[in-house]
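Position 126, counted from 1, in the sequence shown is what the numbering used here calls 119; the numbers after and before it change by one each time, with no gaps. Note that the Cβ used here is the ideal one computed from N, Cα and C, for glycine as well. For reference, the structure is listed below as structure tokens.
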Amino acid sequence: MSQTLSSLYIHIIFSTKERIPFLDQSIRFRLWQYIAGICKNENSPALQIGGTSDHIHILCNLSRTISLQTLVTKIKSESSKWIKQISPDYNDFHWQSGYGAFSVNPGETEKVTEYIRNQEQHHCQRDFCNELRLFLQKYNINYDEKYLWN
């Protein structure tokens, strides 16, 4: 094949450092827009971004020209710098060091989009820690609980 073709839908999840609820309603929509711009600039368009006060979900179509790790690093570093410029209230803002990333079947993108859109309602029933554990179990990812939250 003389051409490189790909279609990689990725569901990315990460938290604020120590799950501090920095992401209040006043900043979320603007932050989601900013992160969507980062994804677009990296040719990895975001289909949906959402979350709650302490974590974020991103569904994107990962470009064939960037690694997942590079994309997540750019999202975290650029959005962290941006949010700290908004107000002194965010001077201590940081993202956690790790992240979860899960492949999504192209036929399931609408289902994942809805899941991300409904984060507020979803988290009335389940907290972030339990949500992440369920993803790890669903995708058969081995993990050590003592390293999961630091």
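| query | Can you list, in chain order, the stretches of the beta strand (DSSP E) that have 3 or more residues and sit fully within the stretch 39 to 70? | reply | Residue ranges of uninterrupted beta strand (DSSP E) with 3 or more members, entirely inside the stretch 39 to 70 and ordered along the chain, are 39 to 45, 48 to 55.
| From the DSSP output, which residues share a beta bridge with Trp25? | BP columns for Trp25 are empty, so no partner.
| message | Quick check: Leu55 and Ile3, are their CB atoms within less than 7 Å of each other? | response | Yes.
| Anyone know if the C-beta pair for Trp75 and Tyr108 falls short of 7 Å? | For Trp75 and Tyr108, no; Cβs fall outside 7 Å.
| For the 8 Å Cβ check, are there 3 or more pairs between the stretch 50 to 66 and the stretch 12 to 24? | No, because fewer than three Cβ pairs between the stretch 50 to 66 and the stretch 12 to 24 fall closer than 8 Å, the two stretches do not touch.
| Expressed to the nearest angstrom, what Euclidean distance is found between the alpha-carbon atoms of Tyr136 and Tyr83? | For Tyr136 and Tyr83, the distance between alpha carbons rounds to 31 Å.
| field | Per-residue DSSP class, three states only, for Thr106 | value | Helix.
| query | Is DSSP giving Ile15 helix, strand or coil here? | reply | Note on identity: in this sequence residue 15 is Phe, with Ile being the wrong assignment. In this structure, Phe15 counts as coil in the three-state DSSP scheme.
| C-alpha distance - Gln62 paired with Tyr92, whole-angstrom precision | So the two alpha carbons sit approximately 9 Å from each other.
| So is Thr58 buried or exposed if we call it buried at 16+ other beta carbons inside 10 Å? | Flag for Thr58 reads exposed.
| query | Going by DSSP, what residues sit across from Ser8 in a beta bridge? | reply | DSSP lists His48 as partners of Ser8.
| query | Asp47: buried (16+ other C-beta within 10 angstroms of its C-beta) or exposed? | reply | Here Asp47 is buried, its C-beta having at least 16 other C-beta atoms within 10 Å.
| field | Counted within 10 angstroms of its Cβ, other Cβ atoms place Ile134 as buried (16 or more) or exposed | value | Sixteen is the threshold: since fewer than 16 other Cβ atoms of the shown chains lie within 10 Å of the Cβ of Ile134, the residue is exposed.
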